[in-house]
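*Asks:* So the number in the working numbering is just where the residue sits in the sequence shown, counting from 1, plus 98. All C-beta atoms in this analysis are idealised placements derived from N, C-alpha and C, irrespective of residue type, glycine included.
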Amino acid sequence: MSAGRPALLVTGLPRSGTSWVGKMLEASGELIYVNEPLNPQHPPGCSPGVLNHRVTRRFQYISDDEDGSWRSAFADTMALRYNLRAELRHNRGAYDLARAAKYATSFTLGRLQGKRALLDDPFAVLSTRWLVQQMGAQAVVLVRDPVSFVGSWRALGWNIHFHELLEQPALVRDHLGPYVDQMRALIGSPDWLARVCLLWRMVTEVVETSLRPLPDVQVVRYEDLVAAPLDSFRTLYQAAGLTWTGSAQARVRAATSRTAHETRAHAWSLRGGLSRTAYRPMTSAQALNSFQQRLSPQEIGRVRALTAEVAERFPQHASTTSHDHRNRASR
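(1) Checking 8 Å against the spacing of the C-beta atoms, do residue 297 and residue 258 come in under that value?
(2) Below 6 Å CB to CB, which residues in the same chain sit around residue 308 once its five sequence neighbours on both sides are set aside?
(3) Start and end of the beta strand (DSSP E) containing residue 341?
(4) Determine the extent of the alpha helix (DSSP H) in which residue 398 is found, giving its start and end residues.
(5) If I'm right that residue 242 touches residue 114 with Cβ under 8 Å, what's the distance once you round it to whole angstroms?
(6) Thinking residue 224 and residue 304 are a contact (beta carbons under 8 Å), I'd like their distance in whole angstroms, please.
(7) If you reduce the DSSP assignment to three classes, tell me which class residue 238 lands in.
(8) Considering only the beta carbon of each residue, do residue 246 and residue 130 sit closer than 8 Å?
(9) Nearest-angstrom Cα distance between residue 331 and residue 313?
(10) Can you tell me whether DSSP reads residue 226 as helix, strand or coil?
(11) Determine which residues share a DSSP beta bridge with residue 215 and list them.
(12) Please classify residue 153: does DSSP put it in a helix, a strand, or coil?
(13) Apply the 10 Å Cβ neighbour rule to residue 207 and answer buried if 16 or more other Cβ atoms are within range, or exposed otherwise.
(14) Following the continuous alpha helix (DSSP H) through residue 249, name the residue where it begins and the one where it ends.
(15) Looking only at DSSP bridge pairs, what is residue 315 linked to?
(16) Buried or exposed: where does residue 288 fall if 16 or more other Cβ atoms within 10 Å of its Cβ makes it buried?
(17) On the CB-based measure, 16 or more other CB atoms within 10 Å of its CB, does residue 193 come out buried or exposed?
(18) In whole angstroms, what separates the C-alpha of residue 121 from that of residue 217?
(19) From 234, 157, 393 and 400, pick the residue whose C-alpha is nearest to that of residue 265; which is it?
(20) Hey, how far is the Cα of residue 137 from the Cα of residue 219?
(21) I believe residue 104 touches residue 187 by the beta-carbon criterion, under 8 Å. Please report the beta-carbon distance rounded to the nearest angstrom.
(22) Checking the sheet assignment: what are the DSSP bridge partners for residue 107?
(23) Return the chain-ordered list of same chain residues with a C-beta closer than 7 Å to the C-beta of residue 244, the five sequence neighbours on each side being excluded.
(24) State the Cα-Cα distance for the pair residue 169 and residue 232, rounded to the nearest angstrom.
(25) Measuring straight from C-alpha to C-alpha, what distance separates residue 184 and residue 199?
(26) Sort 145, 128 and 353 by Cα distance to residue 202 and report the nearest one.
(27) Taking 6 Å as the limit between beta carbons, can you name the residues of its chain near residue 319, skipping five residues before and five after?
(28) Where does residue 115 sit, in a helix, a strand or coil, going by DSSP?
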């Protein structure tokens, strides 16, 4: 972190709005954007200049049992200390060199200007408690309606491999023990929808039981941000200790008023910033309704049934089926 100011983590399951929220917070001009340091794929992950630690799987879990190496690595990342030597030992392609130069410059200037690190990383969601309690980060955790979440994963053809969770004993011990049998039963199963719903249930329970009670964690529903973006982001800026400026307001307004055909998802270039994100500007109406083209009515009903147990225990995630077509988000 810079000059004693806490780093800011934006996390939540992939496709929960982390890229959008991260970019809107970056509009404050007070943050340096760090894209997915815990992503095991390169790019954006496996960049030791950004995070000098080996990441072995998606949803890497860091607990209080760690040997100190994670603490050392994240201390440098949060303080915006770029490790150019470590980066060049691992990544030497033309693309890597250009990316390293941009990150090194951004980190150095940000540190000199007293800016804070903004870690935008959905793969950090299960390590959020450690990052907050042990590393002093603030966190914004996004939770998305399960129907919209499943629809977004369907659109991208994404899957979940439960061995990445089961092979982390500390994660099973601390959080996922009650779900072990269900995960094992779905390994190799053709029931894709059941697997993705189980992931949503598990992570949502961790968020509600382990993260929401922490004073430096803001748990936010993606749908609430989309429905009232200006008011919601003004509140989020205040909670994060950021200045809500006219330019930030204009950035949020522009991001929620452009139509989908004006831009494309996953667009990235070295001129456009430090990250290749899934963020795509669109109107609130588009964001709240596009799931209807991704799941059939029968599939929507099944998602509701498979996630009902968690929704019943945590009323903020309860189904409002009669309003699905108006009030559910999909980004």
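*Replies:* For this structure:
(1) Within the sequence shown, numbered from 1, the residue matching residue 297 stands at position 199. Within the sequence shown, numbered from 1, the residue matching residue 258 stands at position 160. Taking 8 Å as the Cβ cut-off, residue 297 and residue 258 qualify as a contacting pair.
(2) Along the sequence shown, read from residue 1 onward, the residue named residue 308 stands at position 210. Counting only Cβ-Cβ distances below 6 Å, and skipping sequence neighbours, we find 227.
(3) Against the sequence shown, residue 341 aligns to sequence position 243. Unbroken run through residue 341: none, as it is neither H nor E.
(4) To locate residue 398, count along the sequence shown from 1; it is residue 300. 395-411 is the extent of the alpha helix (DSSP H) around residue 398.
(5) Reading the sequence shown from its first residue, position 144 is the one you call residue 242. Reading the sequence shown from its first residue, position 16 is the one you call residue 114. Yes, they are in contact, since the Cβ atoms of residue 242 and residue 114 sit about 4 Å apart, within 8 Å.
(6) Counted from its first residue, the sequence shown places residue 224 at position 126. Counted from its first residue, the sequence shown places residue 304 at position 206. Indeed they touch by this definition, with Cβ atoms about 6 Å apart.
(7) Counting from 1 along the sequence shown, the entry for residue 238 is found at position 140. DSSP places residue 238 in strand when its eight states are reduced to three.
(8) As a position in the sequence shown, residue 246 is number 148, starting the count at 1. As a position in the sequence shown, residue 130 is number 32, starting the count at 1. In this structure, residue 130 does not lie closer than 8 Å to residue 246 by Cβ.
(9) Taking the first residue of the sequence shown as 1, we reach residue 331 at position 233. Taking the first residue of the sequence shown as 1, we reach residue 313 at position 215. Each residue's alpha carbon lies about 19 Å from the other.
(10) Indexing the sequence shown from 1 puts residue 226 at position 128. DSSP places residue 226 in helix when its eight states are reduced to three.
(11) The residue given as residue 215 occupies position 117 in the sequence shown. Bridge partners of residue 215: 130.
(12) In the sequence shown, residue 153 corresponds to position 55, counting from 1. The three-state secondary structure of residue 153, taken from DSSP, is coil.
(13) Taking the sequence shown and counting its residues from 1, one reaches residue 207 at position 109. The residue in question, residue 207, is exposed, as its Cβ has fewer than 16 Cβ neighbours within 10 Å.
(14) Reading the sequence shown from its first residue, position 151 is the one you call residue 249. Per DSSP, residue 249 belongs to the alpha helix (DSSP H) from 244-254.
(15) Residue numbering aside, residue 315 sits at position 217 when the sequence shown is read from its first letter. Note: residue 315 sits in a beta bridge opposite 237.
(16) Along the sequence shown, one-based indexing puts residue 288 at 190. Exposed is the call here.
(17) Taking the sequence shown and counting its residues from 1, the one referred to as residue 193 is at position 95. So residue 193 ends up on the exposed side.
(18) Against the sequence shown, residue 121 aligns to sequence position 23. Against the sequence shown, residue 217 aligns to sequence position 119. Rounded to the nearest angstrom, the two C-alpha atoms are 11 Å apart.
(19) In the sequence shown, residue 265 corresponds to position 167, counting from 1. Comparing Cα-Cα distances from residue 265 to each of 234, 157, 393 and 400, the minimum goes to 157.
(20) Here residue 137 corresponds to residue number 39 of the sequence shown, with the count starting at 1. Here residue 219 corresponds to residue number 121 of the sequence shown, with the count starting at 1. Using only the alpha carbons, I get a separation of about 8 Å.
(21) By one-based count along the sequence shown, residue 104 stands at place 6. By one-based count along the sequence shown, residue 187 stands at place 89. With 8 Å as the limit, residue 104 and residue 187 do not qualify as a contact, their Cβ atoms being about 30 Å apart.
(22) The residue you call residue 107 lines up with position 9 of the sequence shown. DSSP output for residue 107 lists 217 and 237 as bridge partner(s).
(23) Position 146 of the sequence shown, counting from 1, holds the residue named residue 244. Excluding positions up to five away in sequence, the list reads 295, 298, 401 and 405.
(24) For the purposes of this step, residue 169 is taken as the residue at position 71 of the sequence shown. For the purposes of this step, residue 232 is taken as the residue at position 134 of the sequence shown. If you take the alpha carbons of residue 169 and residue 232, they lie about 8 Å apart.
(25) As a first step, residue 184 must be located in the sequence shown, where it is residue number 86. As a first step, residue 199 must be located in the sequence shown, where it is residue number 101. Their Cα atoms are separated by approximately 13 Å.
(26) Position 104 of the sequence shown holds residue 202. Closest option to residue 202, Cα to Cα, is 145.
(27) Residue 319 sits at position 221 when you count from the first residue of the sequence shown. 241, listed in sequence order.
(28) Indexing the sequence shown from 1 puts residue 115 at position 17. Correct three-state label for residue 115: coil.
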